[in-house]
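Chains A and B supply the protein sequences, listed in that same order. With the working numbering applied, the first sequence covers 75 to 383. With the working numbering applied, the second sequence covers 75 to 383. Glycine included, every Cβ here is placed at the ideal spot set by N, Cα and C.
2 protein chains.
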Amino acid sequence: MIATDGRPVPQEKSPVFDLSTYLSKRQAEVEAAMDASLPITYPDKIYESMRYSLLAKGKRLRPILCLATCELMDGTVEMAMPTACALEMIHTMSLIHDDMPAMDNDDYRRGQLTNHKVYGEDIAILAGDGLLSYAFEYVAVQTQGVPAQRLLQVVARLAKAVGASGLVGGQVVDLESEGKLDIQEETLNFIHTHKTGALLEASVVCGAILAGATEADVERLSCYAQNIGLAFQIVDDILDITATQEELGKTAGKDVQAQKVTYPALWGLEVSKTKAKQLVAMAKAQLEPFGEKAVPLMVLADFITTRTH
Amino acid sequence: MIATDGRPVPQEKSPVFDLSTYLSKRQAEVEAAMDASLPITYPDKIYESMRYSLLAKGKRLRPILCLATCELMDGTVEMAMPTACALEMIHTMSLIHDDMPAMDNDDYRRGQLTNHKVYGEDIAILAGDGLLSYAFEYVAVQTQGVPAQRLLQVVARLAKAVGASGLVGGQVVDLESEGKLDIQEETLNFIHTHKTGALLEASVVCGAILAGATEADVERLSCYAQNIGLAFQIVDDILDITATQEELGKTAGKDVQAQKVTYPALWGLEVSKTKAKQLVAMAKAQLEPFGEKAVPLMVLADFITTRTH
Numbered sequence: 075m076i077a078t079d080g081r082p083v084p085q086e087k088s089p090v091f092d093l094s095t096y097l098s099k100r101q102a103e104v105e106a107a108m109d110a111s112l113p114i115t116y117p118d119k120i121y122e123s124m125r126y127s128l129l130a131k132g133k134r135l136r137p138i139l140c141l142a143t144c145e146l147m148d149g150t151v152e153m154a155m156p157t158a159c160a161l162e163m164i165h166t167m168s169l170i171h172d173d174m175p176a177m178d179n180d181d182y183r184r185g186q187l188t189n190h191k192v193y194g195e196d197i198a199i200l201a202g203d204g205l206l207s208y209a210f211e212y213v214a215v216q217t218q219g220v221p222a223q224r225l226l227q228v229v230a231r232l233a234k235a236v237g238a239s240g241l242v243g244g245q246v247v248d249l250e251s252e253g254k255l256d257i258q259e260e261t262l263n264f265i266h267t268h269k270t271g272a273l274l275e276a277s278v279v280c281g282a283i284l285a286g287a288t289e290a291d292v293e294r295l296s297c298y299a300q301n302i303g304l305a306f307q308i309v310d311d312i313l314d315i316t317a318t319q320e321e322l323g324k325t326a327g328k329d330v331q332a333q334k335v336t337y338p339a340l341w342g343l344e345v346s347k348t349k350a351k352q353l354v355a356m357a358k359a360q361l362e363p364f365g366e367k368a369v370p371l372m373v374l375a376d377f378i379t380t381r382t383h
Numbered sequence: 075m076i077a078t079d080g081r082p083v084p085q086e087k088s089p090v091f092d093l094s095t096y097l098s099k100r101q102a103e104v105e106a107a108m109d110a111s112l113p114i115t116y117p118d119k120i121y122e123s124m125r126y127s128l129l130a131k132g133k134r135l136r137p138i139l140c141l142a143t144c145e146l147m148d149g150t151v152e153m154a155m156p157t158a159c160a161l162e163m164i165h166t167m168s169l170i171h172d173d174m175p176a177m178d179n180d181d182y183r184r185g186q187l188t189n190h191k192v193y194g195e196d197i198a199i200l201a202g203d204g205l206l207s208y209a210f211e212y213v214a215v216q217t218q219g220v221p222a223q224r225l226l227q228v229v230a231r232l233a234k235a236v237g238a239s240g241l242v243g244g245q246v247v248d249l250e251s252e253g254k255l256d257i258q259e260e261t262l263n264f265i266h267t268h269k270t271g272a273l274l275e276a277s278v279v280c281g282a283i284l285a286g287a288t289e290a291d292v293e294r295l296s297c298y299a300q301n302i303g304l305a306f307q308i309v310d311d312i313l314d315i316t317a318t319q320e321e322l323g324k325t326a327g328k329d330v331q332a333q334k335v336t337y338p339a340l341w342g343l344e345v346s347k348t349k350a351k352q353l354v355a356m357a358k359a360q361l362e363p364f365g366e367k368a369v370p371l372m373v374l375a376d377f378i379t380t381r382t383h
């Protein structure tokens with residue numbers, strides 16, 4: 075379709091994109107790939123423990139963001155799948171270690187007993203270490219059809235996202251803030267942009283790098299990811315108050331019990347909901363130049379604020 | 075010097091290689107590089123905790139093996155230094171996590187209180203995670219003058235050496251064997267080839283890969299490393315019985331207390347010493363084709379069996 079001034083008219087948004095079908099299909103692909111990535115061998119116990127947490131029910135949001143971004147930048151699902159699996163391995167490691175008695179001391183996660191409750195604290199520490207190192211091995215060894223230089227960038231981004239300058243640093247400030255009810259918005263933002271945001275951003279950015287995206291596009295997609303990362307956390311805080319344990323698959327009301335400052339505590343529930351929506355709108359604005367191809371990332375951004383668990 | 079048949083005569087072995095000077099120089103270089111690798115930034119506590127264990131007094135055997143092998147294969151110290159630092163980061167992570175109450179429950183390491191005794195168990199878990207991920211970031215980002223393809227191989231080798239198919243797997247079998255005094259030699263070998271051997275082997279192999287060594291040379295050096303790895307562990311077991319806590323910098327007699335089967339328990343002290351010497355001889359035999367250039371690795375192999383701590 076061509077407008078009267080001769081320029082192509084942007085296509086209407088496809089009315090048939092069904093998120094639920096899309097997510098189910100992608101979740102199944104990611105879960106099949108993860109299942110195949112980690113066969114059980116001697117010593118069985120450590121592999122069983124790693125698989126117990128890795129294959130537990132989950133949204134697979136990080137892998138799906140990585141695959142969607144790679145496709146958006148004209149890469150394939152195949153070239154991004156090892157990195158997608160690695161993202162879930164890293165995320166799972168952080169959940170196993172965070173749930174331990176020395177940290178958040180959680181008994182339930184993803185609708186089942188936490189790793190250390192089943193396998194013991196020693197194996198839980200080691201299962202986390204095993205998943206973290208295997209993530210890097212898996213990207214380096216299993217990725218096909220991507221230049222080594224790009225893969226090195228992916229390794230660097232993943233490692234930075236999980237380390238002291240990312241997830242680990244966020245968790246440290248979170249632990250330090252526990253019980254302090256006078257935490258400022260700045261500190262809360264630091265916690266979440268590091269504890270949750272860094273790995274979500276890496277998910278999107280790595281998908282783009284694998285496909286050979288330009289620096290400008292990587293920057294734009296990083297911005298998208300940072301906004302949905304913060305929105306994701308605000309919604310998480312809201313759900314901790316409003317959802318039931320059954321819906322969450324983990325202990326509900328945990329933040330209040332642990333005297334953790336949350337966005338609803340800082341802003342109230344209604345303002346928190348509004349801010350989450352604003353962040354999602356800002357995220358989606360970054361995708362405008364990509365047109366129709368960005369529909370999956372657009373819809374994923376909406377999904378974050380409307381999800382109920 | 076040319077022989078009568080026109081071929082160059084192999085040089086006599088240099089009589090002046092002084093191991094003590096060599097080790098001191100290399101240790102100082104590695105420690106300066108590690109110190110510079112990890113500046114303290116917000117949140118300070120996690121960086122302080124990582125630095126506390128990383129920079130604690132240590133032999134730096136893994137970095138030194140990596141640098142020496144890279145030089146042997148005509149690479150430079152500069153191109154191997156980030157990997158050398160990464161090896162010590164990974165080794166330090168394994169010590170921090172192994173020392174935790176849920177695992178070996180040690181109070182002293184490298185002549186100082188263990189990480190969790192100073193910083194708490196939560197920070198100790200996170201410091202380990204931070205060091206492990208930073209190791210991969212550091213290799214990927216800081217290595218200069220090495221093709222990306224080789225660096226990816228290094229990432230894969232390091233990751234495999236620390237994961238469930240390496241160090242973590244060895245630690246799991248070690249934990250399972252505790253208190254069982256009927257452990258077979260096969261199981262003891264599995265524990266040590268994985269818990270100690272895998273990372274020592276990776277140290278040597280990564281040094282060779284960085285320098286662009288042929289597959290045959292990598293294989294030969296891997297064999298050298300496997301032999302000194304096992305010898306190293308036998309000597310460690312011997313020292314646990316014969317050395318004092320002051321000499322070791324960690325709790326002495328720990329293995330006996332923990333009812334761990336050791337090589338001296340299996341073979342007796344004298345046979346253990348003999349086997350360690352045989353393994354070192356086998357290791358050195360692998361180095362013959364490299365001639366004079368292999369002197370540092372030769373002497374390092376000897377050092378392992380004659381060390382007193």
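Pick out whichever of the options has its Cα sitting closest to the Cα of residue i.
{"i": "B:Val-242", "options": "B:Asn-301, B:Ile-265 and B:Met-124", "result": "B:Ile-265"}
{"i": "A:Ile-308", "options": "A:Ala-198, A:Ala-282 and A:Lys-351", "result": "A:Lys-351"}
{"i": "B:Ile-120", "options": "A:Glu-250, A:Glu-293 and A:Ala-290", "result": "A:Glu-250"}
{"i": "B:Phe-158", "options": "B:Ser-123, B:Leu-141 and B:Pro-117", "result": "Position check: residue 158 of chain B holds Ala in this sequence, whereas Phe was assumed. Selected option, being the one with the closest Cα: B:Leu-141."}
{"i": "B:Gly-365", "options": "B:Met-147, B:Arg-125 and B:Ser-94", "result": "B:Met-147"}
{"i": "A:Ala-176", "options": "B:Asp-256, B:Ala-198 and B:Asp-173", "result": "B:Ala-198"}
{"i": "A:Tyr-298", "options": "A:Glu-211, A:Pro-156 and A:Lys-358", "result": "A:Lys-358"}
{"i": "B:Ile-114", "options": "B:Glu-105, B:Ala-107, B:Met-356 and B:Met-124", "result": "B:Met-124"}
{"i": "A:Val-279", "options": "A:Val-213, A:Leu-232 and A:Thr-217", "result": "A:Leu-232"}
{"i": "A:Gly-253", "options": "A:Gly-271, A:Thr-336, A:Gln-223 and A:Met-167", "result": "A:Thr-336"}
{"i": "A:Ser-209", "options": "A:Ser-168, A:Pro-363, A:Thr-95 and A:Asp-178", "result": "It is worth fixing the name first, because residue 209 of chain A is Ala in this sequence and not Ser. The candidate whose alpha carbon is nearest that of A:Ala-209 is A:Ser-168."}
{"i": "B:Ala-102", "options": "B:Met-155, B:Asp-118 and B:Glu-145", "result": "B:Met-155"}
{"i": "A:Ala-201", "options": "B:Arg-184, B:Val-246, B:Val-228 and B:Ala-201", "result": "B:Val-246"}
For residue i, write down the residues that DSSP places opposite it in a beta bridge.
{"i": "A:Leu-187", "result": "A:Tyr-182"}
Can you tell me whether DSSP reads residue i as helix, strand or coil?
{"i": "B:Pro-137", "result": "helix"}
{"i": "A:Thr-270", "result": "helix"}
{"i": "B:Phe-384", "result": "Here chain B has residues from 75 to 383 only, and residue 384 of chain B is not among them."}
{"i": "A:Val-279", "result": "helix"}
{"i": "A:Pro-175", "result": "coil"}
{"i": "B:Met-75", "result": "With a pLDDT of 42 at B:Met-75, under the threshold of 50, the modelled position of this residue cannot be trusted; read the value that follows with caution. Here B:Met-75 sits in coil by DSSP."}
{"i": "B:Gln-258", "result": "coil"}
{"i": "A:Pro-156", "result": "helix"}
{"i": "B:Thr-150", "result": "coil"}
{"i": "A:Ala-317", "result": "coil"}
{"i": "B:Ile-114", "result": "coil"}
{"i": "B:Val-90", "result": "coil"}
{"i": "B:Gly-132", "result": "coil"}
{"i": "A:Lys-347", "result": "helix"}
Between the beta-carbon of residue i and the beta-carbon of residue j, is there less than 8 Å?
{"i": "B:Phe-91", "j": "B:Val-354", "result": "no"}
{"i": "A:Ser-127", "j": "A:Ile-164", "result": "no"}
{"i": "A:Gly-303", "j": "A:Leu-274", "result": "yes"}
{"i": "A:Ala-230", "j": "B:Val-215", "result": "yes"}
{"i": "B:Glu-387", "j": "B:Leu-340", "result": "The structure shown does not extend to residue 387 of chain B, since chain B spans only 75 to 383, so no value can be given for it."}
{"i": "A:Lys-347", "j": "A:Ile-312", "result": "yes"}
{"i": "B:Leu-225", "j": "A:Ser-207", "result": "no"}
{"i": "A:Leu-371", "j": "A:Thr-143", "result": "yes"}
{"i": "B:Leu-139", "j": "B:Asp-109", "result": "no"}
{"i": "A:Leu-284", "j": "A:Met-153", "result": "yes"}
{"i": "B:Arg-136", "j": "B:Ser-277", "result": "yes"}
{"i": "A:Tyr-212", "j": "A:Ala-160", "result": "yes"}
{"i": "A:Asp-181", "j": "A:Thr-188", "result": "yes"}
{"i": "B:Gln-300", "j": "B:Gly-271", "result": "yes"}
{"i": "B:Asp-248", "j": "B:Lys-269", "result": "yes"}
Going by DSSP, what residue range makes up the alpha helix (DSSP H) through residue i?
{"i": "B:Gln-245", "result": "241-251"}
{"i": "B:Leu-128", "result": "118-128"}
{"i": "B:Arg-224", "result": "222-236"}
{"i": "A:Ile-197", "result": "195-216"}
{"i": "B:Asp-376", "result": "369-380"}
{"i": "A:Pro-338", "result": "337-341"}
Verify the CB distance criterion: does residue i have a CB-CB separation below 8 Å to chain D?
{"i": "B:Ala-276", "result": "No chain D appears in the structure shown, which is made up of the protein chains A and B."}
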